[in-house]
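Numbering (this note's numbering), first residue to last: 320 to 462.
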């Protein structure tokens, strides 16, 4: 046990504190070894970029994520959630590419979303009125 000595605490109190500290340390090690046990969702708002069929990416000034990429073994639920819930009047288009402003709640490993809990499309003006997000727009708006 790191940093604990029996001279710092005497008697039965030492045993209790030692036991609590060891449980806390074991709990921390379990969480590090098995991150899927802790469902720590993150929330971000920014651009969902759909540059080609079955490819979805998310970007804002803080993160750049793969939501879905053709050829990767991923759950289709994420792509279905986005396609089923998007307002086509609030989508930027250029040829077959699409981009929209949205807030997502997710879990990611490295730069890949492993679980998309929620997707809420926002009006385009929400992203376009933010200078940092406007600069990151995957498709520049006309006008």
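From the three backbone atoms N, C-alpha and C, an ideal C-beta is built for every residue, glycine too.
Note that the coordinates shown come from a computational prediction; the quantities given were computed from them, not determined experimentally.
{"query": "Can you give the Cα-Cα distance for residue 383 and residue 369, rounded to whole angstroms?", "result": "13 Å"}
{"query": "In this structure, does DSSP put residue 455 in helix, strand or coil?", "result": "helix"}
{"query": "Given that a residue counts as buried once 16 or more other Cβ atoms are within 10 Å of its Cβ, and exposed if not, what is residue 421?", "result": "buried"}
{"query": "Can you give me the Cβ contacts of residue 433 inside the same chain, cut-off strictly under 7 Å, excluding the 5 residues immediately before and after it?", "result": "426, 427"}
{"query": "Classify residue 381 as helix, strand or coil using the three-state DSSP reduction.", "result": "coil"}
{"query": "May I have the straight-line CA-CA distance separating residue 377 from residue 444, to the nearest angstrom?", "result": "17 Å"}
{"query": "How should residue 365 be labelled, buried or exposed, when 16 other C-beta atoms within 10 angstroms of its C-beta is the threshold for buried?", "result": "buried"}
{"query": "Quick check on the burial criterion: 16 or more other C-beta atoms within 10 angstroms. Buried or exposed for residue 411?", "result": "buried"}
{"query": "What residue range does the alpha helix (DSSP H) around residue 448 cover?", "result": "It is not in any alpha helix (DSSP H) - residue 448 carries neither H nor E in the DSSP assignment."}
{"query": "Exposed or buried, what is residue 404 when buried is set at 16 or more other beta-carbons lying within 10 Å of its beta-carbon?", "result": "exposed"}
{"query": "Work out the CA separation of residue 399 and residue 448 for me, nearest whole Å.", "result": "28 Å"}
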